[in-house]
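I have placed the structure first, in the form of structure tokens, so that the comments after it can refer back to it.
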Amino acid sequence: MNWHSLDHTAIHQSLTTSNLGLSADEIPKRTLKYGKNELVAKKKISLAVLFFHQFKDVMIGILLIAAAISFAVGGIKDAIFIVIIVILNAVIGCVQEYRAGKAIEALKSISAPNATVRRAGNSIQIAAQDLVPGDIVLLEAGVIIPADIRLTETHTLKIEEASLTGESVAVEKKADIITDIHASLGDRTNMAYKSTIVTTGRGEGVVVAIGMETEIGKIAELLQQEDHQTPLQKRLAEFGKKLSLGIVVICTVLFGIGLLRGEDTILMLLTSISVAVAAIPEALPAVITIALALGAKRMVKKHALIRKLPAVETLGSVTYICSDKTGTITQNKMTVVDTWFTPEPIAIEGLPDLTTEQLLVMAMELNHDVTLGEHRELKGEPTELALVEYARKHEHHSAKWSKEHRRKHELPFDSERKRMTTINAMNDQWLVVTKGAAESILEICKDANSRKIHHETTAFAKEGKRVLAYSVNILKKLPTEISIATIENSMHFIGLVAMIDPPRAEATQAIADCYTAGITPVMITGDHPMTAHTIAVETGIIRSEEDLVVTGAELAALSKHDYEAKIEQIKVYARVSPEQKLYIVKTLQKKHQYVAMTGDGVNDAPALKSADIGIAMGISGSDVSKEAAHMILLDDNFATILKAVKEGRRIYDNIRKFIKYVMTGNCGKIFTIFLMPILGLPIPLLPIHILWINLLTDGLPGLAMTGEQAEENIIRRPPRKPNESIFSGGMTAHILWVGMIMAAVAIGTEAWYVSVNNPHWQTMVFTVLVLSQMGQAMAIRSEVKSLFQLNIFGNMQLIGAISLTISLQMAVIYVPFLQELFGTHSLTIVELLTCVGLSSIVFWAVEIEKWVKRIRKGQKQ
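Take my numbering: the last position of the sequence shown gets the number 1257, and nothing is skipped along the way.
What follows is the structure in structure tokens.
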């Protein structure tokens, strides 16, 4: 219901209440009807349930079936090994998915514990959770609003709504009706919202909504919606299904061929199990999780804190960055950039002998709300600080004026008259200084050149500058009553001060880099459209006349169809509501864009959660926005987003390299095991050999591979398409043909050594496959460049991982108890060197592939 547009009588009638409050008998009935006034989190999924959810994965199911068959035919050792791997993967998946409702807890933490109410004519204090609609709540300075309240009485009441709107300036509240039923939350000045804070004054009102029905409760509900899958999660899920289907088909065909050839059934079952185990990349979930965690760790050094691991790679897909202006693109520090003062001298008896320019600076020094902190630093609103800093920078002795002409009285700023006045002692007279909006100051000035002043004010405003005007007067003595009427009249206009929140030094370059990277930067601000336009042009967000600035009101007037047609031209949104932020995100996503959205207020939380990457401000952001976000900017700096995007692309590239590496090795093993029986050769590998290769050879070098340096010009590439396969760019062809070479080397090794009755043939095939993977790991460090064009020792983790893998493989070959476990034999020096030589064929094959790519690339250029 639009409570803000109803009068007091209608509100009391709707809620069956009165100024005396509810009776004691009515409270239990309403509590039963409406429930408690508290934010409710959805029931959390237990760790046990999450753990068992992991076993719904098709690939896990295939491994469990393989373990069961191995156990049934006597392969207990293999079965146990497989089950251990399955459990480890389930634990990793479980820990990654488990998330507590921290955002809801953060919302609860800013809720009021108690409330003062009037019930049956008596004022009493109750627990805030016991409030019901219709209660009359009494408010005073310092109180946290306990529910959504329609104000019925106010006395200089101001409420800070930063927890809801992100705006730190307190809002003046009135009890009057607001006729616009579609007024935004910030414009409903007769409403007080749950979890906001009374800064000054007092008032009272009727509770109209409690718990999850309040505005903050609606945000809590939105925060509990299911997280959407990231691009990588979607691609891996699709890959898992296709791989599982392929495994079932291959194993069935292999088993069928064996039976038709008259092979032993148990032998074919073991062979099929070997193929299944060979095909499934057991190390994949663990390595990807660790790779994302290491990427997140690197990002912290660049002032980007990742809260949700999958977001690390999603950054590489971002096509739109929708950023706040204040503090992210700009410095969040108002700066005086222009002044204008009347050319005529100010003729007032008793006025200090100063130029008009000096008089304007003195007015800035005497009329402000800046205070000194513990360490004598200036504290106050950005605008007030800018004025004092300008005064002290341009007149080194300006601080003395405050001491010489001490403030005795003040008429504080209010939103109706849009002025602030100070009365300062000056010898035996009184210096009156008034500042405010130019129109407001002109109303109280005499003999001012209104036309000229309007012209200058408009010129400044068109440049996106905030303009304040100053006027002065001298009073021989003070009137009996200090009031607006007796003080603010017959003033003399001095001049104008123009301010702007200047862009960060690095913002312009970061925005240019965004366009280079194929990312569209969009500014979203609550500021005036002219100001927003100026900053957007200055920083390069707006680059042509076709780029549009749209206000919240204009956006509301557009139909969905018209908005979707224009959305890619709109580069600046000014004066938009939180609901419109969410609308912008969802519309861009509907157009198949990947959206990063920044925000700092509680009201931004739904848009942050819905964005592909929600980015909260680390310095100015609320706890709720941080909990809802995927990433936190520790320095509130736009340039940091681009650094994170670059790191996200690097991580995704390296994950693709790892998948290429793993799947090529798996493909080589599958071809080897599948073709051996068809060629009349014995099964070359036991399941334990395959699991050893999959975990050791895939795991250690694969993990080190995720720390590879970024490819050249990574930030100059366009974002990858949202529907782009993880196997794009020729990866599938690489996996198949290099896998075939790996298999050919292994089959050739077995065929030769079986033919000469060498008992070490199985150990040699096992070793050749392990060493082939080591060669491939070094060769695929770059997509195009030869290993010899890179710094060979540029990735010391990979060198270390390969050295450790080879050492462990040597232990399996030569240590007696490991020989017994793995069924291996000690190789002679000649046999070992033969394995090294044969496995190097894979390395040179990949180097030739990259050489061909370089030639083709050169021909295209």
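Just so you know, even glycine gets a beta-carbon here, dropped at the ideal spot from N, CA and C.
The three-state secondary structure of tyrosine 969, taken from DSSP, is strand. Apart from the 5 residues on each side of it in sequence, proline 1114 sits with its Cβ closer than 6 Å to the Cβ of Gly914 in its chain, given in chain order.
Residue state for isoleucine 555 is assigned as strand, using DSSP reduced to three classes. Contact between the segment 688-708 and the segment 1016-1030 is present, with at least three C-beta pairs closer than 8 Å. Boundaries for glutamine 727: no beta strand (DSSP E) harbours it, and the DSSP string shows neither H nor E there. When only Cα atoms are considered, leucine 1081 and methionine 1059 end up about 18 Å apart.
In this structure, isoleucine 653 sits away from alanine 672, with a CB-CB distance that is not shorter than 8 Å.
With fewer than 16 other Cβ atoms inside 10 Å of its own Cβ, tryptophan 1247 counts as exposed.
Considering only Ala537, Leu1183, Leu581, the residue with the shortest C-alpha distance to glutamate 600 is Ala537.
Between tyrosine 1057 and isoleucine 1176, the gap from beta carbon to beta carbon is short of 8 Å. Separation of the CB atoms of asparagine 869 and isoleucine 1011 is rounded to 49 Å, and the pair is thereby denied contact status at 8 Å.
In this chain, the alpha helix (DSSP H) harbouring histidine 790 covers 778-790. Membership of proline 917 in the beta strand (DSSP E) is indicated by the continuous run 916-921. According to the DSSP assignment, aspartate 720 belongs to the beta strand (DSSP E) that extends over 716-720. In the three-state reduction of the DSSP assignment, leucine 1092 falls in the helix class.
Under the three-state reduction of DSSP output, tyrosine 959 falls in the helix class. For tyrosine 979, the uninterrupted alpha helix (DSSP H) segment begins and ends at 974-986. Going by C-alpha positions, asparagine 845 is about 43 Å away from lysine 977.
In chain order, Ser401 place their CB closer than 8 Å to the CB of threonine 575, counting only its own chain and leaving out the 5 sequence neighbours on each side. Proximity of the segment 767-786 to the segment 925-935 falls short of the contact definition, fewer than three beta-carbon pairs being nearer than 8 Å.
DSSP, reduced to helix, strand and coil, places phenylalanine 809 outside both helices and strands of the structure shown, so it counts as coil. Under the three-state reduction of DSSP output, glutamate 859 falls in the coil class, being neither helix nor strand. Residue state for lysine 1117 is assigned as coil, using DSSP reduced to three classes.
Thr1102 is the residue among Glu942, Trp1157, Thr1102, Arg900 whose C-alpha sits nearest the C-alpha of arginine 694. DSSP places histidine 924 in the coil class of the three-state scheme, outside both helix and strand. Here isoleucine 684 really is in contact with isoleucine 1051; their C-beta atoms are around 6 Å apart, less than 8 Å. In this structure, threonine 610 lies away from glutamate 557, with their beta-carbon atoms at least 8 Å apart. Counted as a single uninterrupted DSSP element, the beta strand (DSSP E) harbouring threonine 512 occupies residues 510-515.
Secondary structure of arginine 815 (DSSP, three-state): strand. Under the Cβ criterion (8 Å, minimum of three pairs), the segment 421-435 does not count as touching the segment 567-574.
The C-beta distance from cysteine 841 to phenylalanine 889 rounds to 5 Å, short enough to meet the 8 Å contact threshold.
In the same chain as alanine 1241, and ignoring 5 residues on each side of it, the C-beta atoms closer than 7 Å to its own belong to Val1134, Ile1137, in chain order.
About 5 Å separates the Cβ atoms of isoleucine 1198 and methionine 1170, confirming a contact at the 8 Å cut-off.
Beta-bridge partners assigned by DSSP to glutamate 600: Leu534, Glu549. Boundaries of the alpha helix (DSSP H) harbouring phenylalanine 1218: 1212-1218, taken from the DSSP string. Here tyrosine 786 is buried, its C-beta having at least 16 other C-beta atoms within 10 Å.
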